[in-house]
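The sequence shown begins at 1 in UniProt numbering and counts up one residue at a time.
In this text, a Cβ means the ideal position worked out from N, Cα and C, and glycines have one as well.
These numbers come from a predicted model, not from an experiment.
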Amino acid sequence: MGKYDIDFEGELVEVEVLDSAELISSWITDRLKPKPQEEAAVVVRLQEEEPVVVGLDLHASKNKGGDCSANSLLVLCINDAYCLVVQLKYVDNIPGNLKKFLSDRRICFVGVGLDWKLSRGVPPSHDPLVCRTVELSHLVARICKEPSYCNSDLKALAAMYEVPYEPPASGGCCGGGGRRGRINYEARVFLKEEVKALVRDAYVCYKIGQKSVEALYRDETTQETQKSAGNKTTQGT
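In structure tokens form, the structure reads like this:
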């Protein structure tokens, strides 16, 4: 539990690691609302019917048998400035506004390997997580109309969109990186370098997903404008 300022190639991201339902609920309420001169707030983008992408990731430790346990951490990156890490193992309950946010069908939650990660489930004290997720490579493939991109890994997609990305140095079936090459996802407290590793993939997925969706949105808007202008010209002749 704690607040960290993480530097991603010159971009400062505020990351909060929380294990309290009350604090998580407050974070969702505060961070989704716009602040002065903050046009990227999720609520503003939804109201203006602009595309909204959120980077999502899940982390789990291995059990004694070497298999992945239920997910211990939920990571959300909602824009360039804020990410949240929910300590599922320790939070007493998942607050209603977080459940509502995750189930909002207007939001595209992107990540890598999400079907498999979600299949690991959450600690038995919580209801299953319900959200509309999209595999990042599939999203990019559909937007670019290039099926081969479905097989691209995060490193390749980051290079394509010129988003700085440093792949984890090592990792097992449930992910890795950080202290001694692997993070204890069930820890109560994390080092700053570990927090950076925890949110790295979700943040990069957000950046790539937002860039790709905004490009599609601009293209569609341009086409609609051109179509409207063409109709007016036809009517005037």
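| Item | Value |
| --- | --- |
| Nearest to N79 (by Cα), restricted to the options D92, I107, K99 and P95 | I107 |
| Residue(s) in a DSSP beta bridge with G111 | E135 |
| Coarse secondary structure for E14, derived from DSSP in three states | strand |
| Alpha-carbon spacing of N184 relative to L129, whole angstroms | 22 Å |
| Backbone CA spacing between K62 and V189 [nearest angstrom] | 18 Å |
| Cβ shell of I6 (< 6 Å), same chain only, five flanking positions each side left out | V13, V15 and K196 |
| Inter-residue Cα distance where the pair is C68 and C150 | 25 Å |
| Alpha-carbon spacing of V199 relative to S25, whole angstroms | 19 Å |
| Coarse secondary structure for M1, derived from DSSP in three states | coil |
| Beta-carbon proximity list for L154, same chain, < 6 Å, skipping 5 on both sides | V112 |
| Continuous beta strand (DSSP E) stretch holding L129: start and end | Segment: none, L129 is in no beta strand (DSSP E) and carries neither H nor E. |
| D92 and A21 closer than 8 Å at C-beta | yes |
| Y161 to V42 span [Cα, whole Å] | 22 Å |
| Integer Cβ distance of G10 from C205, believed to fall under 8 Å | Their Cβ separation, rounded to whole angstroms, is 19 Å, which puts G10 and C205 out of contact at 8 Å. |
| Residue closest to R132, alpha-carbon to alpha-carbon, out of E146, V163, K100 and P123 | K100 |
| Closest Cα partner of L84 within the set I208, I28, G121 and C144 | I28 |
| Opening and closing residue of the alpha helix (DSSP H) in which L32 lies | A21 to L32 |
| DSSP-derived helix/strand/coil call for F190 | coil |
| Pairwise C-alpha distance: S119 and Q87 | 18 Å |
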